[in-house]
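Asker: If you read the protein sequences in the order shown, they are chains A and B. Residues 25 to 303 (my numbering) are what the first sequence spells out, left to right. Residues 263 to 387 (my numbering) are what the second sequence spells out, left to right. Glycine included, each C-beta is placed from N, C-alpha and C at the ideal position. Pasting a structure below so you can have a look.
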Amino acid sequence: MRTVIILVAIALAGLAGGALFIYSGFYNVAATEQHTAPVYWLLNAAMRRSVQRRVDEISVPPLTDPALVARGLPLYRLHCVQCHGAPGVAPEGFALGMMPLPANLALTAREWKNPAEIFWVAKFGIKTSGMPAWEFRLSDEELWAIVAFVRTLSLQSPKEYEALVHAAERGGVSSRAAAPTGISSAAVDLDRGKVALQQYACVTCHVIPGVVAASNPVGPSLAGIATRGYLAGIVPNTRDNMVRWLRSPRTVDPASAMPDLGVTERDAQDIAAFLDTLR
Amino acid sequence: MRTQIGRCFALVLVAGMSHACSEKPTEISLQPVGNAEQGRRAIRQHGCGACHRIPGIAGADGNVGPPLVDMAARVYLAGVVANTPANMAHFIRSPHEVSPMTAMPDMQVTQADAVAMSAYLYRPN
Chain A
25 MRTVIILVAI ALAGLAGGAL FIYSGFYNVA ATEQHTAPVY WLLNAAMRRS
75 VQRRVDEISV PPLTDPALVA RGLPLYRLHC VQCHGAPGVA PEGFALGMMP
125 LPANLALTAR EWKNPAEIFW VAKFGIKTSG MPAWEFRLSD EELWAIVAFV
175 RTLSLQSPKE YEALVHAAER GGVSSRAAAP TGISSAAVDL DRGKVALQQY
225 ACVTCHVIPG VVAASNPVGP SLAGIATRGY LAGIVPNTRD NMVRWLRSPR
275 TVDPASAMPD LGVTERDAQD IAAFLDTLR
Chain B
263 MRTQIGRCFA LVLVAGMSHA CSEKPTEISL QPVGNAEQGR RAIRQHGCGA
313 CHRIPGIAGA DGNVGPPLVD MAARVYLAGV VANTPANMAH FIRSPHEVSP
363 MTAMPDMQVT QADAVAMSAY LYRPN
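Given below as structure tokens:
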């Protein structure tokens with residue numbers, strides 16, 4: 025009994041200490057402030073283990089296919105080099121100011137033996153780091169092309185990387201990748217719609233019940249949106265109108281502050297399905 | 263203090279000003295001027311609750327248009343103009359001048375009532 029009391033007291037003291045630590049503002053959130061070595065180790069280890077635990081189901085396509093690697097280069101230049109750099113190419117200024125700093129992927133390619141882990145990180149991103157999720161921007165095929173290309177980075181000299189870039193440009197390979205159409209026969213998936221609400225930054229402007237961080241009153245609250253009479257105060261709230269409104273708000277109301285976020289048809293369908301649960 | 267800072271931010275957003283907030287904002291007033299109690303009566307009398315959910319008004323649980331919860335914090339009105347007491351009164355009086363295609367009807371609200379209604383909607387919850 026006495027031991028229990030002591031343990032409870034220790035736990036309470038720990039909680040109180042933690043609360044005091046937070047409330048005092050002692051912890052510095054500045055990106056210029058380096059993590060302490062134990063914290064850095066802890067975060068890194070937790071991230072690696074978290075990734076490793078989640079890649080078992082991913083089947084890796086043949087990544088040495090030269091055509092796949094070649095498709096990865098323009099995608100890498102369009103979406104990755106800004107933060108990660110390339111052999112002989114520095115990241116952009118904004119990336120240099122990040123904490124944690126974006127990884128040098130030539131090193132990642134060497135150290136991360138399982139390409140599924142690179143694929144997973146590119147697809148799903150890493151919370152509270154600068155690494156975004158590309159799931160809603162790139163197809164799996166495009167992501168594998170990037171992974172295939174990244175795996176060649178550790179074997180490239182700066183001269184070779186430069187030569188690849190020149191060759192690709194001469195060959196007329198545009199660095200602008202086609203946006204994924206997102207059109208698929210996949211069944212409407214409201215859980216995916218809930219994720220999409222975050223991925224299209226809907227949470228920045230709307231209160232959305234059930235979505236953490238969606239507490240911002242820039243636009244109207246989406247509480248009860250399923251039974252709302254009008255959308256944008258203009259068109260009847262039907263599934264088709266909702267999808268149209270999500271995909272191109274200006275065609276519904278040319279003066280609307282709601283921006284066109286490049287929502288694909290499939291994503292709009294999934295988001296609409298989730299919103300339909302908010303009664 | 264916090265509301266003042268919030269107001270300053272809102273003002274910067276609304277007016278697109280780049281300089282720091284001065285003590286006396288002159289460009290746009292976010293301070294409602296009307297009588298909130300009169301506004302509450304006017305909101306009831308004009309049946310706003312048939313289409314909107316409005317805290318503090320019995321029976322105002324419509325969901326035709328958006329809920330009017332925490333209006334002081336909202337950034338846009340009708341999705342098209344900055345949310346200020348003046349714009350709110352304008353929108354209540356002549357919705358189609360603010361948003362030509364809006365489903366919000368012109369309820370023949372007087373200027374005094376519109377101002378009072380804004381004061382009610384902006385009161386701290």
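Starting from B/Q370, follow the alpha helix (DSSP H) in both directions and report where the run begins and ends.
Answerer: Taken as a continuous stretch (DSSP letters only), B/Q370 belongs to no alpha helix (DSSP H), as it is neither H nor E.
Asker: Could you name the residues of the stretch 329-357 of chain B whose beta carbon sits closer than 8 Å to any beta carbon of chain A, in the order they occur along the chain?
Answerer: Flagged, chain order: P329, V331, D332, A335, R336, V337, Y338, A340, G341 and V342.
Asker: With respect to the alpha helix (DSSP H) encompassing A/P62, which residues constitute its N-terminal and C-terminal limits?
Answerer: Element bounds for A/P62: A61 to R77.
Asker: Where does A/V259 fall in DSSP's three states?
Answerer: Strand, per DSSP.
Asker: Assign A/G109 to one of two classes, buried (16 or more other C-beta atoms within 10 Å of its C-beta) or exposed (fewer than that).
Answerer: With 16 or more other Cβ atoms within 10 Å, it is buried.
Asker: Is the separation between the beta-carbon of A/V84 and that of A/A140 shorter than 9 Å?
Answerer: Contact flag set, yes.
Asker: Residues bridged to B/D323 by DSSP?
Answerer: B/D323 pairs with B/R315.
Asker: Of all the beta strand (DSSP E) runs that stay within the bounds of the stretch 80-139 of chain A, which reach a length of 3 or more residues?
Answerer: Counting only runs of 3 or more, we get nothing.
Asker: Using 9 Å as the threshold, is the C-beta distance between B/S361 and B/A376 below it?
Answerer: No. Outside cutoff.
Asker: Within its chain, find whatever has a CB closer than 6 Å to the CB of A/N52; leave out the 5 residues flanking it on each side and keep chain order.
Answerer: Correct list: empty, nothing qualifies.
Asker: Could you please give the first and the last residue of the uninterrupted alpha helix (DSSP H) stretch that includes A/D215?
Answerer: A/D215 -> alpha helix (DSSP H) spans L214 to Q223.
Asker: Suppose the cutoff is 6 Å on Cβ atoms and the five residues either side in sequence are ignored; what does the same chain contact list for B/Q293 look like?
Answerer: Excluding residues within five positions, none has a Cβ falling inside 6 Å.
Asker: For a contact defined as C-beta to C-beta under 8 Å, what are the partners of A/V242 on chain B?
Answerer: Simply R336, V337 and Y338.
Asker: Secondary structure at B/V343, three-state DSSP: helix, strand or coil?
Answerer: B/V343: strand per DSSP, three-state reduction.
Asker: Contact between the stretch 347-361 of chain B and the stretch 233-253 of chain A: three or more CB pairs below 8 Å?
Answerer: Contact between the stretch 347-361 of chain B and the stretch 233-253 of chain A is absent, because fewer than three Cβ pairs lie under 8 Å.
Asker: Tell me, please, whether the CB atom of A/A247 is closer than 9 Å to any CB atom in chain B?
Answerer: Yes, A/A247 lies at the interface with chain B (some Cβ there is under 9 Å from its Cβ).
Asker: Which residues does DSSP list as the beta-bridge partners of A/S239?
Answerer: DSSP, once it has assigned bridges, lists A/V231 as partnering A/S239.
Asker: At a Cβ cut of 7 Å, what residues of the stretch 250-266 of chain A count as close to chain B, listed as they run along the chain?
Answerer: Within the stretch 250-266 of chain A, the residues whose Cβ lies closer than 7 Å to some Cβ of chain B are T251, R252, G253, Y254, A256, G257 and I258, listed in chain order.
Asker: Could you tell me which of A/V171, A/T288, A/R134 and A/L39 sits nearest to A/V267, measuring between CA atoms?
Answerer: Of the candidates A/V171, A/T288, A/R134 and A/L39, the one whose C-alpha sits nearest the C-alpha of A/V267 is A/T288.
Asker: Would you list the residues sitting across from B/Y382 in a DSSP beta bridge?
Answerer: Paired residue(s): none; B/Y382 is not in a bridge.
Asker: What is the DSSP secondary structure of A/L299, reduced to helix, strand or coil?
Answerer: Helix at A/L299.
Asker: Is there a Cβ of chain B sitting closer than 9 Å to that of A/C229, yes or no?
Answerer: Chain B, which has a Cβ nearer than 9 Å to the Cβ of A/C229, makes this yes.
Asker: Name, in chain order, the residues that DSSP records as bridge partners for B/Y338.
Answerer: DSSP, once it has assigned bridges, lists B/A344 as partnering B/Y338.
Asker: Could you say which of A/P90, A/A157 and A/W144 lies nearest to A/E81 if we only look at CA atoms?
Answerer: For the residues A/P90, A/A157 and A/W144, the minimum Cα distance to A/E81 belongs to A/W144.
Asker: Please report whether the beta-carbon of B/V371 lies at a distance below 9 Å from any beta-carbon of chain A.
Answerer: False, the Cβ-Cβ gap to chain A never drops below 9 Å.
Asker: With distances taken from CA atoms, which of A/P115, A/I295 and A/E184 is nearest A/A225?
Answerer: Residue A/I295 is the option with its Cα nearest to A/A225.
Asker: Give the straight-line distance between the Cα atoms of B/P386 and B/G318, rounded to the nearest whole angstrom.
Answerer: Going from the Cα of B/P386 to the Cα of B/G318 covers about 11 Å.
Asker: Compare the C-beta of B/R385 with all C-beta atoms of chain A and state if any pair is closer than 9 Å.
Answerer: No, its Cβ sits nowhere closer than 9 Å to a Cβ of chain A.
Asker: Within 9 Å of any Cβ in chain A, is that where the Cβ of B/M366 sits?
Answerer: Taking Cβ atoms only, chain A reaches closer than 9 Å to B/M366, which makes this a yes.
Asker: Give the straight-line distance between the Cα atoms of A/L92 and A/F173, rounded to the nearest whole angstrom.
Answerer: Taking the straight line joining both Cα atoms gives about 8 Å.
Asker: Compare the C-alpha of B/P367 against each of B/Q300, B/C310 and B/G296 and name the closest.
Answerer: Checking every option, the nearest Cα to that of B/P367 belongs to B/C310.
Asker: In chain order, what residues of the same chain have a beta carbon less than 7 Å from the beta carbon of A/V28, not counting five sequence neighbours either side?
Answerer: So the list is empty, once near-sequence residues are dropped.
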